[in-house]
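Asks: Residue numbers (the working numbering), protein chains in the order written: chain A, 21 to 133; chain B, 12 to 126.
All C-beta atoms, glycine included, are put in the ideal place defined by N, C-alpha and C.
Quick one: this structure, given as structure tokens, is what I'll be asking you about.
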Amino acid sequence: GDSVTQMEGPVTLSEEAFLTINCTYTATGYPSLFWYVQYPGEGLQLLLKATKADDKGSNKGFEATYRKETTSFHLEKGSVQVSDSAVYFCALSPNTGRRALTFGSGTRLQVQP
Amino acid sequence: ETGVTQTPRHLVMGMTNKKSLKCEQHLGHNAMYWYKQSAKKPLELMFVYSLEERVENNSVPSRFSPECPNSSHLFLHLHTLQPEDSALYLCASSQERGGKYNEQFFGPGTRLTVL
């Protein structure tokens, strides 16, 4: 079945550091890929998405590129802020059949001033 | 109200109680979902409703019973729960068109504690 693997956290960075959170997936066909963010005490919010190979999703300074050859969708940000501290989830959805998301286990990011 | 709302935000119940979680979406979507978020585990899909169709995760115990009276409301009825059912329960909605996926929008969740 489909699966998503994320790097384990927590990831602790200083403000303005470069961020990479790795995500790889296993799926048949060409799934859509997503990054969601969960701030403390809140539900998940869609951060960015990509629906086909080589697409780059971007939002709020975050970027991720859909790499079919390496089945990866790594999240990057050039300069993190304290306000980026949250849990980040990589997810996929098949483009046919069952419509629900398969999530990774989440990676907690802590940014220190 | 905007987006996806969930009530209550926090719930403490005994194992013999019966309670219900409520979710309402104000986005005009036609599909709704229940997820369970436990500590140190991936999000688990529990139920999906899309128009008249219900897709159920086979591993969901019968002590969880969903109800979707219309496309804007989704309930999760709880009875005789176990302490291991304590978790954050998240509701989401999306707009499905011809089987094509569209992103899901999540509510803030209900934090459930079973004593």
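In chain order, which continuous runs of the beta strand (DSSP E) of length 3 or greater are located wholly inside the region 81–120 of chain A?
Replies: DSSP runs (the beta strand (DSSP E)) wholly in the region 81–120 of chain A: 82–85, 95–97, 106–113.
Asks: Looking at the unbroken beta strand (DSSP E) that takes in Ala103 of chain B, where does it start and where does it end?
Replies: Within the second sequence, numbered from 1, the residue matching residue 103 of chain B stands at position 92. Per DSSP, Ala103 of chain B belongs to the beta strand (DSSP E) from 98–105.
Asks: Determine, for Glu95 of chain B, whether the minimum Cβ-Cβ distance to residues of chain A falls below 9 Å.
Replies: To locate residue 95 of chain B, count along the second sequence from 1; it is residue 84. No, its Cβ sits nowhere closer than 9 Å to a Cβ of chain A.
Asks: List the residues of chain B whose Cβ lies closer than 7 Å to the Cβ of Ala120 of chain A, in chain order.
Replies: Reading the first sequence from its first residue, position 100 is the one you call residue 120 of chain A. Residues of chain B passing the Cβ test: Tyr44, Leu56, Val59.
Asks: So with CB distances below 7 Å, who are the chain A contacts of Gly118 of chain B?
Replies: Within the second sequence, numbered from 1, the residue matching residue 118 of chain B stands at position 107. At a C-beta separation below 7 Å, Gly118 of chain B has these neighbours in chain A: Gly63.
Asks: Considering Cα atoms alone, identify which of A:Thr46, A:Tyr108, A:Thr25 is closest to Tyr59 of chain A.
Replies: As a working note, residue 59 of chain A is residue 39 in the first sequence. The option with the nearest alpha carbon to Tyr59 of chain A is A:Tyr108.
Asks: Straight-line CA distance for Ser83 of chain B to Val57 of chain A?
Replies: For this step, residue 83 of chain B is matched to residue 72 along the second sequence. For this step, residue 57 of chain A is matched to residue 37 along the first sequence. Their backbone Cα atoms lie some 24 Å apart in a straight line.
Asks: Over the uninterrupted beta strand (DSSP E) stretch that includes His88 of chain B, give me the two end residues.
Replies: The residue you call residue 88 of chain B lines up with position 77 of the second sequence. Counting along the chain, the beta strand (DSSP E) containing His88 of chain B begins and ends at 84–90.
Asks: How far does the beta strand (DSSP E) with Gln93 of chain B in it reach, from first residue to last?
Replies: The residue labelled residue 93 of chain B in the question sits at position 82 within the second sequence. Segment: none, Gln93 of chain B is in no beta strand (DSSP E) and carries neither H nor E.
Asks: So which residues on chain B does Ser125 of chain A lean against when the C-beta distance must stay under 8 Å?
Replies: On the first sequence, position 105 is the one that residue 125 of chain A refers to. What Ser125 of chain A touches in chain B: Lys51, Lys52, Pro53.
Asks: Compare the beta carbon distance of Phe93 of chain A and Leu53 of chain A with 9 Å and say whether it is the shorter of the two.
Replies: By 1-based counting over the first sequence, the position of residue 93 of chain A is 73. By 1-based counting over the first sequence, the position of residue 53 of chain A is 33. In this structure, Leu53 of chain A lies closer than 9 Å to Phe93 of chain A by Cβ.
Asks: Which partner residues does Ala42 of chain B have in the DSSP bridge list?
Replies: Within the second sequence, numbered from 1, the residue matching residue 42 of chain B stands at position 31. For Ala42 of chain B, which the question treats as bridged, DSSP gives the partners B:Ser61, B:Ser105.
Asks: Going by beta-carbon coordinates alone, are Ser105 of chain B and Glu95 of chain B separated by less than 9 Å?
Replies: Residue numbering aside, residue 105 of chain B sits at position 94 when the second sequence is read from its first letter. Residue numbering aside, residue 95 of chain B sits at position 84 when the second sequence is read from its first letter. Result no, Cβ atoms of Ser105 of chain B and Glu95 of chain B do not sit closer than 9 Å.
Asks: Taking the beta carbon of Leu62 of chain B as the centre, do at least 16 other beta carbons fall within 10 Å, making it buried, or is it exposed?
Replies: By 1-based counting over the second sequence, the position of residue 62 of chain B is 51. Around the beta carbon of Leu62 of chain B, a 10 Å sphere encloses fewer than 16 other beta carbons of the protein chains shown; the residue is thus reported as exposed.
Asks: Using a Cβ distance threshold of 8 Å, determine whether the region 32–45 of chain B contacts the region 70–90 of chain A, with at least three qualifying pairs required.
Replies: no
Asks: From what residue to what residue does the beta strand (DSSP E) around Arg128 of chain A run?
Replies: Residue 128 of chain A sits at position 108 when you count from the first residue of the first sequence. 127–132 is the span of the beta strand (DSSP E), which, as asked, contains Arg128 of chain A.
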